[in-house]
Each structure stands twice: as structure tokens, then as C-alpha cells.
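Each remark here refers to the structure printed beneath this line.
In my numbering, the protein residues as written are 142 to 475.
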């Protein structure tokens with residue numbers, strides 16, 4: 142093809158081959174259901190002999206939309222979790238100050254269809270990920286589309302702009318403090334470790350034991366808790382091991398565990414102590430008030446949004462930023 146550009150757009154390939162833009166994107170990434178014949182046609186069109194090479198596709202150049210997208214895990218669709226609410230507030234306020242609107246986008250572990258549609262239709266100038274996973278489909282999609290984005294949470298890629306709370310430091314300190322109070326049988330109850338925040342909290346728990354020279358009883362570690370049934374099963378399993386303290390990975394789990402203990406007529410802190418790796422009004426308004434690691438969710442969201450807006454403005458930023466914390470011991474661990 143005489144005078145063919147080095148770059149073609151996804152839309153151009155889709156139109157030329159009479160297939161959808163989503164199909165073109167999936168053919169390039171190797172993700173999703175695309176026949177080998179279709180994939181071969183796509184790579185033949187863009188002039189690549191190797192299907193493992195990075196395809197020189199880009200989205201069409203358009204003017205700014207003054208919209209940002211905040212990507213939220215599908216299982217957070219209720220939007221009533223304290224962390225998510227505060228984080229969204231920080232993002233929204235910072236965006237509004239700079240003249241941007243905020244669009245919400247939901248994504249599953251492997252389902253990034255809504256995000257792809259927003260990117261394909263050029264609805265947003267940049268994206269903020271509210272949570273990160275070990276093998277993050279959203280990160281890969283955004284890198285493929287070459288769209289500016291910032292991740293809230295850890296991403297194991299130094300080139301990805303990211304901001305996070307010091308999860309490992311906070312959880313290690315909480316664990317050390319409980320050990321220094323004389324507790325030894327401290328049970329851990331956490332969510333799926335595919336999410337980096339849950340993996341980091343477990344790492345902090347283990348580091349706290351290591352720092353104090355105390356061996357961890359693996360029978361006291363319960364992970365992968367995502368449903369109420371799994372939480373009850375984990376609680377029952379932990380209680381069978383006669384723990385001195387139940388250490389929950391977040392506020393919603395700690396509040397639910399407190400309610401379940403109350404239903405079983407198990408007194409906190411007299412019979413078992415309780416603490417959380419994340420603080421919120423759920424824990425400060427409970428009886429007893431629950432010990433927790435405290436982070437500033439609104440500041441975290443605002444920082445992520447500021448980073449993204451600075452990137453869009455062409456400014457240099459620190460690609461990895463870490464927020465502080467405070468560990469607060471309350472009645473539940475006395």
C-alpha cells in the first residue's frame with residue numbers, strides 16, 4: 142500500500158475488515174474469543190509477520206472530553222463501602238476543581254467490556270483504577286489503548302503511575318502491637334489475594350510476626366473470604382483454633398464478624414479480641430469500638446486524580462506515591 146502510515150487506528154482496521162473494533166482489540170491482545178483466522182487477518186492488515194509483536198494501533202486523535210473515568214470492581218456496585226465512598230469523593234472534588242467530570246465504569250476480574258467501550262468511543266481523557274489485581278486486565282487494556290491512567294493500589298510495573306496506602310507497614314505495626322500486648326494466637330481473616338491490597342495486608346500480618354520473632358500458626362490464616370457464607374465458615378474455623386484475637390482485613394468484615402460473635406453470645410473483648418486493618422465509621426460507632434489502622438481515603442482519591450490531571454497537563458510526576466497511616470487501639474483489644 143503506497144504511502145501507508147506506520148500507525149493505523151483500531152477503527153480503520155475494523156472498517157477495512159468489516160469486523161467490530163472490540164474484535165480487533167481482542168485479536169491484538171490475545172484475550173477473549175477470537176478465531177485464529179480473524180486474528181491472522183488483523184495482523185496481516187497491519188503488516189505484522191509476528192503475532193506476538195506489539196501492534197502499532199492507537200485510538201483516533203480527538204479533542205479533550207474533560208471527562209475522567211473511575212473504574213470500580215463489579216462487586217462494589219452498591220457504592221456504600223466507606224473506603225469507596227471517601228475515595229470517590231476525593232477524586233470527584235479534585236476533578237471538579239480542574240474542570241473535569243467523572244464517569245463511573247465497572248469491571249470484573251476478566252470483564253473489561255465497559256472500559257473498552259468508553260475507550261473506543263473516546264468518552265474520557267484518562268482513567269483512575271480504584272483497585273488493582275495481581276494480573277490486572279484493566280491495566281493491560283489501558284496500556285494497549287495507550288490511555289493515560291493512574292492506579293490506586295500496587296502495580297508490579299514501575300512505569301505505571303500509582304498511589305497507595307502503606308498497607309504492609311500499617312498491618313505489620315498493628316500485628317506487632319497486638320503481639321506486644323501479649324497475644325500470640327492472632328487469627329487472620331482476609332479477602333481474595335488476587336487483589337493486591339489483600340495480598341499486602343497478609344504480607345504485613347506475616348511481617349509483624351517475623352519482626353517479633355514469633356512463629357505463625359498457619360491454621361489461624363483464612364483468606365479468599367468474599368461472601369457471607371465464606372466469612373461464617375472462616376469464623377467458625379478460626380474459633381475452633383481458640384484464638385485470642387480475630388484480625389480482619391477490612392472494616393466491613395470486622396463489623397460483620399462482631400455482629401456474628403454477638404449472635405453467638407461471644408463477648409468482645411472479654412472472650413476474644415477483635416481488630417481491623419482498615420478503619421471507618423462502621424468501627425468507631427460499634428460497641429465496643431474496634432481497633433483499626435486508619436487511612437485517609439479521600440486524600441488517596443484526590444492524590445490519584447491530581448496525578449492523572451498533571452499527566453494530562455504534560456507535567457512530570459513521581460510515578461509511585463505512598464500515603465501514611467495511623468494505628469488506633471480501642472476497646473475491642475483491651
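C-beta: ideal position from N, C-alpha, C; glycine also. Please read these numbers as outputs of a predicted model, since none were measured by experiment.
Residue pairing of residue 288 in beta bridges, as defined by DSSP: absent, with no partner found. By the Cβ rule, the segment 242-251 does not count as touching the segment 455-462, because fewer than three pairs are nearer than 8 Å. The residue from 310, 240, 211, 215 with its alpha-carbon nearest to that of residue 228 is 211. The beta carbons of residue 424 and residue 395 sit about 6 Å from each other, so the pair counts as a contact at 8 Å. Nearest to residue 392 by alpha-carbon distance, out of 339, 281, 348, is 339.
Shown here, residue 366 sits in coil according to DSSP, grouped into three states, outside any helix or strand.
In this structure, residue 331 sits away from residue 368, with a CB-CB distance that is not shorter than 8 Å.
Apart from the 5 residues on each side of it in sequence, residue 309 sits with its Cβ closer than 7 Å to the Cβ of 341, 344, 345, 348 in its chain, given in chain order. Between residue 268 and residue 290, the CB-CB gap stays under 8 Å.
Distance between residue 448 and residue 474, taken at the CA atoms: about 38 Å.
As for any beta strand (DSSP E) of minimum length 3 sitting wholly inside the segment 358-435, the runs are 386-389, 414-417, 432-435, ordered along the chain. DSSP places residue 469 within a strand segment (E or B) once states are collapsed to three. Apart from sequence neighbours up to five positions away, the residues of its chain that approach residue 254 with a beta-carbon distance below 8 Å are 163, ordered along the chain. In the three-state reduction of the DSSP assignment, residue 318 falls in the helix class. When the Cα atoms are used, residue 354 and residue 321 turn out to be separated by approximately 11 Å.
Residue environment: residue 428 is assigned as exposed (fewer than 16 neighbouring CB atoms within 10 Å of its CB, all protein chains considered). Across the structure, residue 204 and residue 259 are spaced so that their CA atoms are roughly 15 Å apart.
Boundaries of the beta strand (DSSP E) harbouring residue 213: 208-214, taken from the DSSP string.
Proximity to residue 360 across 432, 384, 407, 433 peaks at 384, based on C-alpha coordinates. Shown here for residue 430: same chain residues with a beta carbon closer than 6 Å to its own, the five before and five after excluded, namely 471, 472 in chain order. Under the DSSP definition of a beta bridge, residue 244 partners with 210. If you look at residue 464, you'll find it in the beta strand (DSSP E) that goes 461-464. Counting of Cβ neighbours within 10 angstroms places residue 405 among the exposed residues, the total staying below 16. A check of alpha carbon separations from residue 457 across 230, 240, 302 identifies 302 as the nearest. Residue 457 carries a coil assignment under DSSP once its states are collapsed to helix, strand and coil. Rounded to the nearest angstrom, the gap between the Cα atoms of residue 326 and residue 317 is 13 Å. Bridge partners of residue 305 according to DSSP: 463.
Around the beta-carbon of residue 314, 16 or more other beta-carbon atoms lie within 10 Å, marking it buried. Excluding five sequence positions before and after residue 334, the CB atoms of its chain that fall closer than 6 Å to its own CB belong to 340, 364, given in chain order. Under the criterion of beta carbons closer than 8 Å, residue 436 and residue 389 do not qualify as touching, at roughly 15 Å. Exclusion of the five residues before and after residue 234 leaves 443 as the residues of its chain whose Cβ lies within less than 7 Å of its Cβ. Residue state for residue 452 is assigned as helix, using DSSP reduced to three classes. At a Cβ-Cβ threshold of 8 Å, residue 273 and residue 288 do not count as neighbours. Residue 178 sits exposed, since fewer than 16 C-beta atoms from the chains shown fall within 10 Å of its C-beta. Per DSSP, reduced to three states, the secondary structure at residue 151 is helical.
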